[in-house]
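I have placed the structure first, in the form of structure tokens, so that the comments after it can refer back to it.
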Amino acid sequence: MIRMLDEAVERQEVHGCCTAVKKTLEHIVNSGEDFIPAEYLQTAPDRYARRLLHLDPRQRYSVLVMVWDKDQGTSLHDHAGMWCVECVYRGRIKVTSYSCTGINEGLHQFTPELEVFASPGEAGALIPPFDHHTLANADATPAVTLHVYGGEMRWCDAFVPVEGGYQMVKRELAYTQ
Ligand SMILES: [Fe+2]
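Going letter by letter, the sequence shown gives residues 2 to 178 in this note's numbering.
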């Protein structure tokens, strides 16, 4: 997988790079092989688990494993200006995309666009500024997703619903032990 991703990110053009990364993830997950070590697949009690599987030595991309227990999900978020490709490895994930329609009195305005239920081997690419979404486990059993980002994502902006819109909050992103 690393060799294929190294080749994919050699592409300078972001759409071509994301397409190649997406094909790589789909290909590897659809091979049916259990290639993620068991220690990466444990759920965490309070929130979805987020673990670093690989960081490119040249920092061009990182590969994360996320594990979603029943009812776990994200708030509405962006990706710190990085491209990202997300692929379901096990279980089923509900992805809801949003479009930002503007900022009104300091509050972001969002409209939900598309709701997709993704199964193992199904991937999606997000390229800023069209990269606002929520992810949630769609089922009562744990789900696992693979995420490739165009760098190491240490923070992102989350958008908390309040009266009149969404309040933007910078979130530090840590790895789960
Ligand atoms: Fe995301």
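Heads up, the beta-carbon is just placed ideally off N, CA and C, and yes, glycines get one too.
| Query | Result |
| --- | --- |
| L136 Cβ short of 7 angstroms to ligand 1 heavy atom set | yes |
| C19 beta carbon near ligand 1 (any heavy atom closer than 7 angstroms) | no |
| Anticipated Cβ contact below 8 angstroms, C88 with L26, distance rounded | 4 angstroms |
| Extent of the continuous beta strand (DSSP E) to which G166 belongs | 166–173 |
| Contact between the region 66–73 and the region 128–138 (3+ Cβ pairs under 8 angstroms) | yes |
| Contact test: H80 Cβ vs ligand 1 heavy atom, cutoff 7 angstroms | yes |
| heavy atom of ligand 1 below 7 angstroms from E87 C-beta | yes |
| Cβ-based neighbour list, G166, same chain, cut-off 7 angstroms, excluding 5 preceding and 5 following | N105, L108, H109, Q110 |
| Presumed contact (8 angstroms Cβ cut-off) between I94 and A119, rounded CB distance | 5 angstroms |
| Buried versus exposed call for Y176 [16 or more other C-beta atoms within 10 Å across all chains shown] | exposed |
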